[in-house]
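For the sequence shown, full-length UniProt numbering puts the final residue at 436, and the numbers step up evenly by one.
Glycine included, every Cβ here is placed at the ideal spot set by N, Cα and C.
Working notes, structure below.
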Amino acid sequence: MKIAMVGSGYVGLVSGACLADFGHDVTCIDKDPAKIERLQAGIMPIYEPGLAELVAGNVKGGRLSFTTSLAEGIDGAQAIFIAVGTPSRRGDGHADLSFVYAVAREVAEHLKGPAVIVTKSTVPVGTGDEVERILHDAGLPFPVSVVSNPEFLREGAAIGDFKRPDRIVVGAEDEFGRQVMQDVYRPLFLNQAPLLFTSRRSSELIKYAANAFLATKITFINEIADLCEKVGGNVQDVARGIGLDNRIGSKFLHAGPGYGGSCFPKDTLALLKTAEDYDSPLRIVEAVAKVNDSRKRAMGRKVIEAMGGAELARGKTVALLGLTFKPNTDDMRDAPAIAIAQTLQDAGVAVVAYDPEGMEMAAPLMPGVRMVGNAYEAVTGADAVALVTEWDAFRALDLDRVKALVKEPVLVDLRNVYRPDEVRAKGFAYTSIGRA
Ligand code: UDX
Numbered sequence: 001m002k003i004a005m006v007g008s009g010y011v012g013l014v015s016g017a018c019l020a021d022f023g024h025d026v027t028c029i030d031k032d033p034a035k036i037e038r039l040q041a042g043i044m045p046i047y048e049p050g051l052a053e054l055v056a057g058n059v060k061g062g063r064l065s066f067t068t069s070l071a072e073g074i075d076g077a078q079a080i081f082i083a084v085g086t087p088s089r090r091g092d093g094h095a096d097l098s099f100v101y102a103v104a105r106e107v108a109e110h111l112k113g114p115a116v117i118v119t120k121s122t123v124p125v126g127t128g129d130e131v132e133r134i135l136h137d138a139g140l141p142f143p144v145s146v147v148s149n150p151e152f153l154r155e156g157a158a159i160g161d162f163k164r165p166d167r168i169v170v171g172a173e174d175e176f177g178r179q180v181m182q183d184v185y186r187p188l189f190l191n192q193a194p195l196l197f198t199s200r201r202s203s204e205l206i207k208y209a210a211n212a213f214l215a216t217k218i219t220f221i222n223e224i225a226d227l228c229e230k231v232g233g234n235v236q237d238v239a240r241g242i243g244l245d246n247r248i249g250s251k252f253l254h255a256g257p258g259y260g261g262s263c264f265p266k267d268t269l270a271l272l273k274t275a276e277d278y279d280s281p282l283r284i285v286e287a288v289a290k291v292n293d294s295r296k297r298a299m300g301r302k303v304i305e306a307m308g309g310a311e312l313a314r315g316k317t318v319a320l321l322g323l324t325f326k327p328n329t330d331d332m333r334d335a336p337a338i339a340i341a342q343t344l345q346d347a348g349v350a351v352v353a354y355d356p357e358g359m360e361m362a363a364p365l366m367p368g369v370r371m372v373g374n375a376y377e378a379v380t381g382a383d384a385v386a387l388v389t390e391w392d393a394f395r396a397l398d399l400d401r402v403k404a405l406v407k408e409p410v411l412v413d414l415r416n417v418y419r420p421d422e423v424r425a426k427g428f429a430y431t432s433i434g435r436a
């Protein structure tokens, strides 16, 4: 089957490479010539484990190619995916759909035969209707179907998530759309991934509802963690104790510095805007977004407290280990590290940092933070060390060596990577999340 993927960002590139790996003939399209040139040369625009190899293998196999020309890329394609960005619109938080609609107009202009147009970008309810209107207005003399097919992959685990999803959601309004989508995902049925057909509007909503629910779960356990600290409990035990109830489930109950990334902050905001537009308030989601937002700076204050309070912390240095919003990505979007560094700097604390992949993206977002080449260099001379992102490289630090390098052995573990008794036995003053 010939497939076109318009937009070669995180979702487009991973989806395109995986669909090619299933045996489809995939063309990835992007209007950024530098990006396409680099992809043609085998250079990935993002850091994602296994992606470079997957792309190289499928390019070599003749199933995957890249172009800047949409007209050329969609020629003969039965399925045309729209996987362009839908960032928060500046000022009002609505999802900015200008890229999606621009692609729809261009597709309408160049399409030569029947095709299914698939919105893979995360788009508010009703976007599919508008895409359909754009195509309809072009008066095309052949059938075109617009379907919604949200993507649930996580950064850092993107390929595994795409190839072994919990479910595939397809929102289609006609048989043509459903049939083509069955053919697209046929290889996945072997992995027994359930294919859920819904209406297009339900499908659009599923993506936002899923992300908002996961964000709620994280925020819930984060607040329980705060309570654990006050009452003398252990949030990991509490999470395990509630997570073993199948109705709750054990995933997404890791307390931490608050969620970040390209999806949860943006998608909760966009969902709230939709709710506002339809006068159907989502008060729980409102609270989640607010609580998570304030948590990031609160984590900066937690570090200051561990240093003995604002007065003692002023003029001192904190080493941040990990900057990206989670490990195995170079993505810095809405990463808690940004707010943490700001809070520290506002309190007159100097910040030095190391991240295995994120420093290039982080540098412009964190002015005044000194980036160094590895964890041990970062902690050298520090008055406190804060573990912000749980990269594997920080899970087994040589704590004796760290202790010898720091000025003060203060460790603030915002991801609960270490065992309190072990770290304290090494002579550290140790603070973590929700473990009194
Ligand atoms: C998320 C969704 O998981 C995915 O389905 C959707 O397609 C896009 O958004 P992603 O943003 O890549 O994926 O990362 P995810 O692994 O979900 O983590 C999001 C944030 O939540 C990170 O900042 C992470 O550190 C945090 N998190 C996650 C927690 O703090 N605790 C948890 O238990 C899980």
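Suppose you measure from the CA of residue i to the CA of residue j; what does that come to, to the nearest Å?
i      : j      : result
LEU399 : VAL107 : 57 Å
GLY73  : LEU365 : 35 Å
ALA393 : ALA362 : 18 Å
PRO49  : ASP330 : 11 Å
THR127 : VAL423 : 52 Å
ILE134 : ALA102 : 10 Å
LEU387 : ALA319 : 8 Å
ALA209 : ILE284 : 12 Å
TYR47  : LEU205 : 29 Å
HIS136 : PRO143 : 10 Å
GLY177 : PRO257 : 42 Å
GLY358 : MET44  : 15 Å
TYR354 : VAL417 : 17 Å
ILE159 : GLU130 : 30 Å
GLY368 : GLN345 : 8 Å
What are the residues that DSSP puts in a beta bridge with residue i?
i      : result
MET371 : ALA353
THR198 : GLY171
PHE66  : CYS28
TYR430 : LEU411
LYS2   : ASP25
VAL144 : ALA115
ALA71  : DSSP output for ALA71 lists no bridge partner at all.
SER203 : According to DSSP, which records beta bridges pairwise, SER203 is partnered with nothing at all.
LEU321 : TYR354 and LEU387
Return the chain-ordered list of same chain residues with a C-beta closer than 6 Å to the C-beta of residue i, the five sequence neighbours on each side being excluded.
i      : result
SER203 : SER148, VAL169 and GLY171
ALA71  : HIS110
ALA429 : VAL410
ALA255 : ILE221, ASN222, ALA225, VAL235, ILE433 and GLY434
LYS266 : SER88
ALA250 : Sequence inspection shows Ser at residue 250; the Ala mentioned does not correspond to that position. Closer than 6 Å at the Cβ level, and outside the excluded window around SER250, lie GLY243.
GLU408 : ASP383
State the CB to CB distance for the pair residue i and residue j, rounded to an integer number of angstroms; the pair is presumed to be in contact (CB under 8 Å).
i      : j      : result
THR274 : PRO124 : 5 Å
LYS207 : PRO150 : 4 Å
VAL84  : VAL100 : 6 Å
LEU54  : ALA79  : With 8 Å as the limit, LEU54 and ALA79 do not qualify as a contact, their Cβ atoms being about 20 Å apart.
TYR376 : ARG401 : 6 Å
Looking only at its own chain, which residues have a Cβ that is under 7 Å from the Cβ of residue i, when we skip the five neighbours before and after it?
i      : result
LYS112 : ASP75
PHE252 : LEU214, LYS217 and ILE218
VAL180 : GLN78, ALA79 and VAL116
Beta-carbon of residue i versus every beta-carbon of chain C: anything under 7 Å?
i      : result
GLY261 : Absent here is chain C; the protein component of the structure consists of one chain.
Looking only at its own chain, which residues have a Cβ that is under 8 Å from the Cβ of residue i, when we skip the five neighbours before and after it?
i      : result
ARG63  : ALA20, ASP21, GLY23, HIS24, ASP25 and VAL26
PRO420 : TYR430, SER432 and ARG435
CYS263 : THR122 and ASN211
ILE242 : ILE248 and LEU253
MET332 : LEU323, THR324, PHE325, ILE338, GLY358, MET361, ALA362 and LEU365
**Asked** What residues sit near the ligand UDX, counting only those whose C-beta is closer than 5 Å to one of its heavy atoms, in chain order?
**Response** PHE152, ARG154, GLU155, ILE218, PHE252, HIS254, GLY256, TYR259, GLY260, GLY261, CYS263, PHE325 and LYS326
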